[in-house]
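Protein chains: 2
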Amino acid sequence: MALIVQKYGGTSVASVERIKQVAERVAKFKMLGHQVVVVLSAMSGETNRLIKLAHDVQSPPDTRELDVLVSTGEQVTIALLAMALKDLGLKAKSYTGAQVRILTDNAHTKARILNIDEQHLRSDLQAGNVIVVAGFQGVDEHGNITTLGRGGSDTTGVALAAALKADECQIYTDVDGVYTTDPRIVPEARRLKTVTFEEMLEMASLGSKVLQIRSVEFAGKYKVKLRVLSSFQEEGEGTLITFEEDDNMEQAIISGIAFNRDEAKITVLGVPDTPGIAYQILGPVADANIDVDMIIQNVGANNNTDFTFTVHRNEYTRTLQLLRGMQAKIGAREVIGDDKIAKVSIVGVGMRSHVGIASNMFKTLAAESINIQMISTSEIKISVVIDEKYLELAVRVLHKAFGLEKAA
Amino acid sequence: MALIVQKYGGTSVASVERIKQVAERVAKFKMLGHQVVVVLSAMSGETNRLIKLAHDVQSPPDTRELDVLVSTGEQVTIALLAMALKDLGLKAKSYTGAQVRILTDNAHTKARILNIDEQHLRSDLQAGNVIVVAGFQGVDEHGNITTLGRGGSDTTGVALAAALKADECQIYTDVDGVYTTDPRIVPEARRLKTVTFEEMLEMASLGSKVLQIRSVEFAGKYKVKLRVLSSFQEEGEGTLITFEEDDNMEQAIISGIAFNRDEAKITVLGVPDTPGIAYQILGPVADANIDVDMIIQNVGANNNTDFTFTVHRNEYTRTLQLLRGMQAKIGAREVIGDDKIAKVSIVGVGMRSHVGIASNMFKTLAAESINIQMISTSEIKISVVIDEKYLELAVRVLHKAFGLEKAA
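Quick note, the sequences are listed as chains H and Z, same order. Sequential numbering from 1 applies to the first sequence in the UniProt record's numbering. Sequential numbering from 1 applies to the second sequence in the UniProt record's numbering.
See the structure below:
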């Protein structure tokens with residue numbers, strides 16, 4: 001008998017029919033003798049509907065009240081699933097975030113979990129109940145309702161699994177696991193049986209959004225066994241996320257190709273190559289609450305240097321205006337930008353023990369005449385920025401070059 | 001400076017536009033220097049939508065989970081109104097029933113308020129906030145969400161006014177007060193400036209549903225000054241509900257004509273006129289959870305008697321079947337019924353000190369050849385059951401006979 005936490009996303013509870021299907025899946029696990037805690041998102045579309053309603057009233061909406069509003073989305077689905085489980089003859093009980101007491105800080109709309117009081121859940125589990133918990137929400141020390149931000153239901157699931165010392169946390173989504181890359185671009189893309197925590201983190205942060213990053217970090221910190229599964233398939237073991245490299249039985253050098261077309265590039269040309277110039281440029285950007293991803297500073301000639309960085313594409317125009325406004329002050333010759341770029345990354349823990357990975361990547365892209373505009377590396381990934389129009393081609397040739405279509 | 005509790009029903013918060021109008025009305029009271037607590041219902045239609053959703057999943061739905069589900073309706077409106085108030089530059093804060101801590105018993109879907117912890121509200125009011133409270137909901141001693149049943153938002157408003165010792169509890173509805181009768185039937189019907197608590201109770205229980213009965217009882221018990229107003233009119237003082245007869249400045253003998261076409265009549269003919277026969281007939285009816293309203297037993301001849309009572313029209317067929325099933329056992333000659341009846345009542349505290357009211361009522365109906373099938377009286381009302389087809393005529397002639405179109 002195991003204790004399993006199962007998290008179902010918005011598409012898995014999008015209708016009465018789907019909610020009944022989730023109930024049947026839960027019933028199967030109960031029949032096998034397991035204890036089950038279910039974490040739910042709101043019905044897909046509901047959170048956006050509520051946010052729009054809020055903006056119709058006040059724009060931007062007060063964040064405390066926005067949390068009161070949007071937290072109703074999960075409250076609806078937990079009640080309906082508890083009913084569906086009872087309709088199947090199971091014992092079930094729903095809990096809002098406040099009812100569990102998922103204690104968070106008071107950073108409304110992006111709160112962080114501080115503590116989970118799991119005592120009530122444990123006694124209800126021992127009494128044979130399926131526990132159905134509202135994801136994405138908590139409560140601060142003063143009893144104000146908080147939410148964890150987009151994708152926060154994954155975090156709720158992992159945090160509950162950690163608090164209850166669950167045997168496994170299963171994340172049910174509309175994909176049946178983590179793939180070597182997006183199958184819509186590379187039909188040969190293959191589901192990974194296992195992926196390490198660090199690889200998953202890189203894949204998630206690079207746009208392969210199967211899991212919310214914070215939930216993966218949380219799982220890593222508390223060593224929660226995390227599995228990604230499809231809620232639309234009867235069978236399948238999904239992808240297990242492991243925390244030891246040795247657990248990765250496939251031992252591929254490269255696990256996957258991630259990509260991201262949400263970024264834009266800003267280049268500040270001809271600034272004086274003096275100490276503190278990076279701060280002079282990026283300080284005001286940070287002050288304007290603009291997140292910077294990749295940063296490159298070329299060694300300059302004539303005491304001048306070029307400085308390039310990427311921001312989210314939504315911030316492109318604002319960043320460009322900001323820097324042009326201070327061009328004279330920092331002594332730059334010109335500020336230019338490009339929002340038609342894409343970032344492609346190869347990810348794999350095998351990189352640590354293998355050489356020649358980067359050169360293989362660059363050679364593969366060169367063979368297709370794809371120009372590399374920026375490069376950034378970490379211990380387990382190499383990212384390049386290229387012209388957006390070459391994105392699909394780059395992903396396809398890299399997938400093939402590293403033999404990802406073949407099981408290791 | 002006064003402390004005012006204002007309750008707005010579902011039609012008053014049915015859209016973003018309406019919610020903004022409520023915010024503007026609240027702002028006016030704030031500008032006059034008053035402290036304001038607002039109690040809201042769900043958007044009209046929302047509670048029914050949620051109940052239907054529940055029945056699609058489980059029928060009948062588990063009541064604990066139904067309360068978790070439907071309580072989201074008010075949680076949405078309180079958040080939106082708090083935003084709208086902030087958008088007008090006011091300080092505002094929403095509270096769910098659980099956040100106030102409106103403690104109830106655990107009778108899900110029809111819970112009763114046991115206690116209200118008003119300390120937080122009071123300090124938030126003193127800090128200049130408009131307090132926006134979700135009506136209709138509370139929490140039991142174990143933290144389970146409860147609801148007070150249909151119309152329960154009125155009760156929340158009155159209970160909060162009692163707990164906070166508010167100067168006035170204003171109930172905003174789609175009518176601008178309590179009328180001498182339904183203006184759709186009698187165009188001359190007149191809004192009452194005041195009505196006594198007892199008259200209001202009789203009017204409400206007889207179908208003039210301006211306020212939920214329990215809220216009026218509650219107001220009476222705690223001597224809350226209750227005023228019914230229209231949320232769709234800019235001006236108007238509505239109807240004040242008073243608790244002392246002397247407060248009723250209008251001093252009319254009859255305050256209004258109430259009516260009800262929701263009942264049906266059952267007659268058990270020729271039962272033995274022996275002690276206990278009423279219990280033999282009504283015991284099984286009560287056991288079947290059927291509410292009985294009027295009861296009449298005629299003096300019998302030949303040791304026989306006829307027994308007549310009324311039930312809700314929805315229970316007519318079931319009651320008839322129930323009694324016909326036990327006809328032989330109770331020794332009745334026949335069980336007959338009629339669901340085409342209506343109850344018309346004249347209500348007024350002036351009846352206590354005036355004679356001839358009943359005979360005036362009967363004479364007025366006789367003059368129109370309206371046959372009276374049943375009569376029941378209390379200290380401040382006289383009700384008659386008549387053929388449904390005469391309902392409008394009866395209400396019109398009684399309204400005129402008692403001079404209700406003229407201000408007292």
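Glycine residues also receive a C-beta, built at the ideal position from the N, C-alpha and C atoms.
Environment of residue i [buried if 16+ CB atoms lie within 10 Å]
i: Pro275(Z); result: exposed
i: Leu32(H); result: exposed
i: Pro187(H); result: exposed
i: Ala334(H); result: The sequence shown places Glu at residue 334(H), not Ala. Exposed, because fewer than 16 other Cβ atoms sit within 10 Å of the Cβ of Glu334(H).
i: Tyr316(Z); result: buried
i: Asp117(Z); result: exposed
i: Ala286(H); result: exposed
i: Thr377(Z); result: exposed
i: Leu211(H); result: buried
i: Gln6(H); result: buried
i: Lys28(H); result: exposed
i: Val198(H); result: It is worth fixing the name first, because residue 198(H) is Glu in this sequence and not Val. Glu198(H) is buried by the Cβ-count criterion.
i: Pro61(Z); result: buried
i: Val299(Z); result: exposed
i: Asp174(Z); result: exposed
i: Ile144(H); result: The question names Ile, yet the displayed sequence has Asn at residue 144(H). Result: buried.
i: Asn314(Z); result: exposed
i: Asn129(H); result: buried
i: Leu323(Z); result: buried
i: Gln99(Z); result: buried
Straight-line gap, residue i to residue j (C-alpha atoms, nearest Å)
i: Gln35(H); j: Val22(H); result: 15 angstroms
i: residue 489(H); j: Asn289(H); result: Past the boundaries of the shown model lies residue 489(H); chain H is included only from 1 to 408, so the question cannot be answered.
i: Val397(Z); j: Thr155(Z); result: 35 angstroms
i: Asp247(H); j: Leu40(H); result: In this prediction, Asp247(H) has a pLDDT of 49, which is less than 50 and means its spatial position is unreliable; what the coordinates show is noted afterwards. Approximately 29 angstroms between the Cα atoms of the pair.
i: Met1(H); j: Gln137(Z); result: 39 angstroms
i: Ser255(H); j: Ile372(H); result: 22 angstroms
i: Gly9(H); j: Met83(H); result: 18 angstroms
i: Ala134(Z); j: Met294(Z); result: 36 angstroms
i: Gln233(H); j: Ile171(H); result: 13 angstroms
i: Leu282(H); j: Gln321(H); result: 14 angstroms
i: Ile336(H); j: His312(H); result: 16 angstroms
i: Leu325(Z); j: Asp338(Z); result: Reading off the sequence shown, one finds Gly at residue 325(Z), where the question assumed Leu. So the two alpha carbons sit approximately 18 angstroms from each other.
i: Val57(Z); j: Leu80(H); result: 7 angstroms
i: Met43(H); j: Val76(Z); result: 16 angstroms
i: Phe362(Z); j: Lys389(Z); result: 17 angstroms
i: Asp67(H); j: Thr196(Z); result: 42 angstroms
i: Ala342(Z); j: Val385(Z); result: 6 angstroms
i: Leu3(H); j: Met200(Z); result: 57 angstroms
i: Gly236(Z); j: Ser230(Z); result: 8 angstroms
i: Val139(H); j: Ala159(H); result: 14 angstroms
i: Arg227(Z); j: Ala189(Z); result: 19 angstroms
i: Arg318(H); j: Lys406(H); result: 44 angstroms
i: Asp182(H); j: Glu392(H); result: 10 angstroms
Residues sharing a beta bridge with residue i, DSSP
i: Ile380(Z); result: Ile380(Z) is not bridged to any residue.
i: Ile295(Z); result: Phe309(Z)
i: Leu240(H); result: Thr194(H) and Arg227(H)
i: Pro272(Z); result: Asn304(Z)
i: Gln6(H); result: Val38(H) and Gln170(H)
i: Glu263(Z); result: His312(Z)
i: Ile334(Z); result: Checking the sequence, you will find Glu at residue 334(Z) rather than Ile. Beta-bridge pairing links Glu334(Z) to Leu269(Z).
i: Tyr279(H); result: None, per the DSSP bridge assignment.
i: Val132(Z); result: Val38(Z) and Ser94(Z)
i: Gly256(Z); result: Val347(Z)
i: Val139(H); result: Leu103(H) and Ile145(H)
i: Gln115(Z); result: Rather than Gln, the amino acid found at residue 115(Z) in this sequence is Asn. Answer is Leu103(Z), bridged to Asn115(Z).
Are the region 291-311 of chain H and the region 348-356 of chain H touching by the rule of at least three beta carbon pairs closer than 8 angstroms?
-> Flag = no, the region 291-311 of chain H and the region 348-356 of chain H do not touch.
What residues in the region 39-60 of chain Z have a beta carbon less than 8 angstroms from any beta carbon of chain B?
-> No chain B is part of this structure, whose protein chains are labelled H and Z.
Please specify which runs of the beta strand (DSSP E), each continuous and at least 3 residues long, are wholly inside the UniProt domain "ACT" (346-408) of chain Z, giving them in chain order.
-> Counting whole runs of 3 or more residues, the UniProt domain "ACT" (346-408) of chain Z contains the beta strand (DSSP E) stretches 374-378 and 381-387.
Assess, as a yes-or-no matter, whether the region 67-86 of chain H is touched by the region 102-113 of chain Z under the definition of 3 or more beta carbon pairs within less than 8 angstroms.
-> Here the region 102-113 of chain Z does not lie against the region 67-86 of chain H, with fewer than 3 beta-carbon pairs under 8 angstroms apart.
Starting from the N-terminal side, write out each stretch of the beta strand (DSSP E) that is 3 residues or longer and does not extend beyond the region 42-110 of chain H.
-> Correct list: 92-95 and 102-104.
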